[in-house]
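Report on the structure given below.
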Amino acid sequence: MNIIAVPTIQETISKIFMAESENLNQYDGLEKFFETETQLIYEIHHLEKEKAKETLRALIDMISLHAGKDTIRAIRNYYIVLSSVMARKLFEMRVPPKKAFAFNNACIELVDNRMNDSEFLYVADELIEFFISVISERKQPSFGHQTVNKVVMFINDEVERDLSVEDVAKHFHISTSHLSRIFREHAGITLVEYLNVRRVEESQHYLRHSDKGISEISKQFHFCNQSYFTRIFKKYTTVTPKQFRDSQHIPYFRYTLPNAK
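Position 92 of the sequence shown, counting from 1, maps to 92 under UniProt numbering, and the rest follow consecutively.
What follows is the structure, encoded as structure tokens:
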């Protein structure tokens, strides 16, 4: 009886690695890919959105040149790899592990479930929008009052909690009146306004990339009811949550604290 030896996983992957190495010998300038990817990560980290979109498209062109008929599959795989790289960057920026992990899963779900063959460039832009929106939350504010800086970071991390001004003040062991005064003085808006701004910003991703109802998203971000959510959402974005969900071409609303240096 002849026993057929089944290659081990290590043997199989080694064989694929060697074959792929030989195959890539025909391509020049592969080091350019990693240089361009490094440039992309730099642009995302520095919130250079339009440059990042152009750079990602340059990477897609390089992938397409090599992948041939398997271009869509190769691009899909790269989006997932890039999302994991960005999740690691977020963790290095002290994003809570749960949020970094959720970020990675959200990107993978977008690529797996919502990307079809004709939308790969649109998904590229959406990923850049999402990467930059999350990275921007981790940029340390530079107000002249350290408590205000800490409050901004705290709210960014806990945006899905049912936070009130009293809750934030209690967390930082200061009075609500003092907190309200210094936040308005240094940030240029009230703390209540900033809480609403951040909830609107975050809700956009659920409106565009989840199947949750608008009422459910309203509850998730602790608006008292859907009508109030719609009013606050339109105040900052100029469109209703339904209009934002129905039109993929409406840009994301991002708020810049007016007194940020």
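Note that beta-carbon positions come from the ideal geometry of N, C-alpha and C, so glycine has one too.
Note that the structure is a prediction, hence the values are computed from the model and not measured.
So, do the segment 239-255 and the segment 197-204 have three or more beta carbon pairs nearer to each other than 8 angstroms? The segment 239-255, when compared against the segment 197-204, does touch it at the 8 angstroms Cβ threshold.
The segment 229-238 / the segment 174-181 touching (three or more Cβ pairs under 8 angstroms): Of all C-beta pairs linking the segment 229-238 to the segment 174-181, fewer than three are shorter than 8 angstroms, placing the two stretches out of contact.
Please classify C107 as buried or exposed, where buried requires at least 16 neighbouring CB atoms within 10 angstroms. Residue mapping note: residue 107 aligns to position 107 of the sequence shown, counting from 1. Per the 10 Å Cβ criterion, buried.
Quick check on F244: does DSSP put it in helix, strand or coil? The residue you call residue 244 lines up with position 244 of the sequence shown. The DSSP-derived three-state label of F244 is helix.
What is the rounded straight-line gap between the Cα of N156 and the Cα of I250? Here residue 156 refers to the residue found at position 156 of the sequence shown. Here residue 250 refers to the residue found at position 250 of the sequence shown. So the alpha carbons of these two residues sit roughly 23 angstroms apart.
Under 7 angstroms, do V148 and H186 count as touching if we go by C-beta distance? Translated into the one-based positions of the sequence shown, residue 148 becomes position 148. Translated into the one-based positions of the sequence shown, residue 186 becomes position 186. The Cβ atoms of V148 and H186 lie closer than 7 angstroms to each other.
If we ignore side chains and look at the alpha-carbon of each, how far apart do I132 and K49 end up? Numbered from its first residue, the sequence shown carries residue 132 at position 132. Numbered from its first residue, the sequence shown carries residue 49 at position 49. Straight-line Cα distance between these residues: approximately 7 angstroms.
Suppose you measure from the CA of P141 to the CA of M153; what does that come to, to the nearest Å? As a first step, residue 141 is located in the sequence shown; it is residue number 141 there, counting from the start. As a first step, residue 153 is located in the sequence shown; it is residue number 153 there, counting from the start. If I take the Cα positions, the gap works out to 8 angstroms.
For A124, the nearest candidate out of P7, M18, D61 (CA to CA): Residue mapping note: residue 124 aligns to position 124 of the sequence shown, counting from 1. Here the closest residue by C-alpha is D61.
A19 burial status per 10 Å Cβ neighbour count (16 or more: buried): Position 19 of the sequence shown holds residue 19. Exposed, by the Cβ-count rule.
Rounded straight-line distance, which links the Cα of P96 to that of Y194: Counted from its first residue, the sequence shown places residue 194 at position 194. Counted from its first residue, the sequence shown places residue 96 at position 96. Counting only the Cα atoms, P96 lies some 21 angstroms from Y194.
Quick one: Cα of D167 to Cα of K15, how far? In the sequence shown, counting from the first residue as 1, residue 167 sits at position 167. In the sequence shown, counting from the first residue as 1, residue 15 sits at position 15. Cα-Cα distance, rounded: 58 angstroms.
Given a cut-off of 7 angstroms on the beta-carbon distance, is the pair A52 and I128 in contact? Counting from 1 along the sequence shown, the entry for residue 52 is found at position 52. Counting from 1 along the sequence shown, the entry for residue 128 is found at position 128. Pairing A52 with I128 gives a Cβ-Cβ distance under 7 angstroms.
Cα-Cα separation, H205 to R114: Sequence index remark: in the sequence shown, residue 205 carries index 205 (1-based). Sequence index remark: in the sequence shown, residue 114 carries index 114 (1-based). CA-to-CA, the gap between H205 and R114 works out to about 13 angstroms.
For K99, is the classification buried or exposed, using 16 other Cβ atoms within 10 angstroms of its Cβ as the cut-off for buried? Within the sequence shown, the letter at position 99 stands for residue 99. Burial check for K99: the Cβ neighbour count within 10 Å reaches 16 or more, so the residue is buried.
Starting from the N-terminal side, write out each stretch of the alpha helix (DSSP H) that is 4 residues or longer and does not extend beyond the segment 142-201. Along the segment 142-201, the alpha helix (DSSP H) occurs as fully enclosed runs of 4 or more residues at 146-157, 165-171, 176-187, listed in sequence order.
Residues in the same chain with beta-carbon distance under 6 angstroms from F229, minus the five sequence neighbours each way, listed in chain order, please. On the sequence shown, residue 229 is found 229 positions in, with the first residue counted as 1. Excluding sequence neighbours, F229 sits near S218, F223.
Counting C-beta neighbours from all protein chains within 10 Å, is the total for Y42 16 or more, i.e. buried, or is it exposed? One-based indexing of the sequence shown puts residue 42 at position 42. By the 10 Å Cβ count, Y42 comes out exposed.
Helix, strand or coil: which one does DSSP assign to G213? Counting from one through the sequence shown, the residue named residue 213 turns up at place 213. In this structure, G213 counts as coil in the three-state DSSP scheme.
Helix, strand or coil at M62 [DSSP, three-state]: Indexing the sequence shown from 1 puts residue 62 at position 62. Residue state, collapsed to three classes: helix.
Go ahead and pull the three-state DSSP assignment for V239. Taking the sequence shown and counting its residues from 1, the one referred to as residue 239 is at position 239. Residue state, collapsed to three classes: coil.
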